[in-house]
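Chains as they are written, first to last, in the working numbering: chain A, 706 to 912; chain B, 706 to 912.
One structure is given here, and the rest of the page talks about it.
Below, the structure is given as structure tokens:
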């Protein structure tokens with residue numbers, strides 16, 4: 706199957722969104738917890754978590770202006786705090802339901818049935834049953850003028866995860882807990898391990 | 706297990722890199738094909754593919770200044786063209802081996818054993834056996850001043866993928882072909898489907 710730019714542009718709008726989004730492949734599901742200045746908890750699913758650097762520890766998420774993620778961005782701008790939560794695959798229906806367009810004065814935690822948790826003076830709510838809970842501080846909003854999206858760049862303030870999940874070399878075995886991943890806007894998966902490989906050096910013959 | 710920012714900063718450097726990178730979760734493996742102005746083919750593994758928008762179809766990849774990805778960026782700046790290739794999980798050792806620090810005048814295709822392919826007047830090389838092949842045109846380099854990384858934003862020019870992989874609604878069934886995903890810098894996975902869900906609307910009760 707061959708498609709050029711014009712053929713993709715001519716797709717029916719929903720088909721095109723599904724095609725281009727799912728074509729980008731598999732990604733981590735992250736539930737972003739925030740609190741509004743008025744104190745209302747918000748939880749929204751993002752599929753755009755990006756590792757930007759380890760020192761300082763920086764992650765990015767992409768905000769689309771025309772989506773339910775607007776409340777998340779507004780809360781982050783107001784409070785500078787947010788949480789990243791990875792849930793188990795068994796919670797995939799709840800995670801997906803946070804993408805519904807709830808009113809701003811409604812807490813998605815209550816609506817979809819995740820319990821809020823508060824840690825360490827971070828004002829933003831965590832998902833209590835999440836495998837990984839990360840408190841983030843807003844560092845910078847980087848606009849992508851081409852289509853009006855914004856990369857929300859934050860630094861890790863605090864990490865809470867199950868004991869025994871971190872290996873001797875620092876590797877976090879998320880697949881042991883069957884954390885949820887996704888493709889596109891509605892397809893959910895778990896990751897099955899193939900293996901880890903040593904640091905690659907030139908000269909190795911593989912054929 | 707609880708970790709704060711200071712504890713993470715105090716980790717031994719390699720441990721910290723592994724921890725922060727693997728903590729960001731699962732992501733699509735993408736092999737980026739480029740050609741230098743001198744005509745030398747280059748292939749490099751990236752784990753930072755980001756869907757930025759569907760119309761126009763925009764994807765981003767993150768470039769780290771201190772890595773083997775430098776050749777890729779230089780080639781993209783010189784030619785404005787690059788390819789994104791998703792390979793099968795059975796090719797995970799070859800894909801990983803493209804991360805070795807080969808000299809700039811060496812083609813990773815030859816070194817790791819992927820065959821080059823050229824399509825449709827795109828000057829950049831594709832991986833012949835890839836499940837998904839995407840020709841990209843550079844649109845914008847967005848600097849992230851916090852740590853000197855750069856988001857390479859490009860638009861889709863051409864897509865080639867196996868017949869039958871695209872569903873009636875536009876969804877691309879990558880898991881049918883067991884395309885490769887990764888976590889951190891050296892752990893490889895395949896995705897096992899859980900299910901797809903309908904567009905979420907407020908009012909659904911899940912508990």
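Heads up, the beta-carbon is just placed ideally off N, CA and C, and yes, glycines get one too.
Should the region 707-716 of chain B be called in touch with the region 861-873 of chain A, which here means at least 3 C-beta pairs below 8 Å?
With a cut-off of 8 Å, the region 861-873 of chain A and the region 707-716 of chain B count as touching, because enough Cβ pairs lie within range.
Secondary structure of residue 745 of chain B, DSSP reduced to three states:
Residue mapping note: residue 745 of chain B aligns to position 40 of the second chain, counting from 1. Collapsing the DSSP output to three states places residue 745 of chain B in coil.
Opposing strand residues paired with residue 720 of chain A [DSSP bridges]:
Within the first chain, numbered from 1, the residue matching residue 720 of chain A stands at position 15. DSSP lists no partner for residue 720 of chain A.
Taking the alpha carbon of residue 851 of chain A as the reference point, which residue from B/853, B/855 and B/845 has its own alpha carbon closest?
By one-based count along the first chain, residue 851 of chain A stands at place 146. The candidate whose alpha carbon is nearest that of residue 851 of chain A is B/845.
Taking C-alpha atoms, which residue in B/721, B/715, B/849 and B/759 lies nearest to residue 720 of chain A?
Here residue 720 of chain A corresponds to residue number 15 of the first chain, with the count starting at 1. Cα-wise, what sits closest to residue 720 of chain A is B/759.
For residue 840 of chain B, which three-state DSSP category applies?
Indexing the second chain from 1 puts residue 840 of chain B at position 135. In this structure, DSSP gives residue 840 of chain B an extended state, which the three-state scheme calls strand.
Cβ distance (whole Å) where residue 738 of chain B is taken to contact residue 830 of chain B below 8 Å
Taking the second chain and counting its residues from 1, one reaches residue 738 of chain B at position 33. Taking the second chain and counting its residues from 1, one reaches residue 830 of chain B at position 125. Going by Cβ atoms, the distance from residue 738 of chain B to residue 830 of chain B rounds to 4 Å, so yes, they are a contact pair.
CB-CB under 8 Å to residue 891 of chain B, same chain, minus the five flanking residues each way: which ones, in chain order?
Here residue 891 of chain B refers to the residue found at position 186 of the second chain. Within its own chain, the residues whose Cβ lies closer than 8 Å to the Cβ of residue 891 of chain B, once the five positions on either side in sequence are excluded, are 801, listed in chain order.
Give the residues from the region 896-908 of chain B that approach chain A closer than 9 Å (Cβ to any Cβ), ordered along the chain.
Residues of the region 896-908 of chain B with a C-beta less than 9 Å from any C-beta of chain A: 896, 897, 898, 899, 900, 901, 902, 903, 904, 905, 906, 907 and 908, listed in chain order.
Assuming residue 877 of chain A contacts residue 870 of chain A under a Cβ cut-off of 8 Å, what Cβ separation, rounded to an integer in Å, is found between them?
Translated into positions along the first chain, residue 877 of chain A becomes position 172. Translated into positions along the first chain, residue 870 of chain A becomes position 165. Between residue 870 of chain A and residue 877 of chain A the Cβ distance is about 6 Å, and since that is below 8 Å, they are a contact.
Between residue 764 of chain A and residue 799 of chain B, what straight-line distance do the alpha-carbon atoms span, to the nearest angstrom?
For the purposes of this step, residue 764 of chain A is taken as the residue at position 59 of the first chain. For the purposes of this step, residue 799 of chain B is taken as the residue at position 94 of the second chain. The alpha-carbon separation between residue 764 of chain A and residue 799 of chain B amounts to approximately 28 Å.
Residue 741 of chain B at chain A interface by Cβ criterion, 8 Å
Position 36 of the second chain, counting from 1, holds the residue named residue 741 of chain B. At a cut-off of 8 Å between beta-carbon atoms, residue 741 of chain B makes no contact with chain A.
Compare the C-alpha of residue 881 of chain A against each of A/794, A/904 and A/907 and name the closest.
Taking the first residue of the first chain as position 1, residue 881 of chain A is located at position 176. For residue 881 of chain A, the nearest C-alpha among the options comes from A/794.
From which residue to which residue does the beta strand (DSSP E) around residue 774 of chain A run?
Taking the first chain and counting its residues from 1, the one referred to as residue 774 of chain A is at position 69. Counted as a single uninterrupted DSSP element, the stretch harbouring residue 774 of chain A is not any beta strand (DSSP E) but the alpha helix (DSSP H) occupying residues 774-784.
Environment of residue 816 of chain A [buried if 16+ CB atoms lie within 10 Å]
For the purposes of this step, residue 816 of chain A is taken as the residue at position 111 of the first chain. The residue is buried, with at least 16 neighbouring Cβ atoms inside 10 Å.
List the endpoints of the continuous alpha helix (DSSP H) containing residue 820 of chain A.
Against the first chain, residue 820 of chain A aligns to sequence position 115. Segment: none, residue 820 of chain A is in no alpha helix (DSSP H) and carries neither H nor E.
Check the Cβ of residue 847 of chain A against every Cβ in chain B and list those closer than 8 Å, keeping chain order.
Along the first chain, read from residue 1 onward, the residue named residue 847 of chain A stands at position 142. Close to residue 847 of chain A, with beta-carbon spacing below 8 Å, are these residues of chain B in chain order: 847, 849 and 856.
Whose Cβ in chain A lies nearer than 8 Å to the Cβ of residue 757 of chain B?
Counting from 1 along the second chain, the entry for residue 757 of chain B is found at position 52. Chain A residues near residue 757 of chain B: 767, 849, 851, 852 and 854.
Please tell me whether residue 793 of chain A has its Cβ less than 8 Å away from any Cβ of chain B.
As a working note, residue 793 of chain A is residue 88 in the first chain. No, residue 793 of chain A does not count as interfacial toward chain B.
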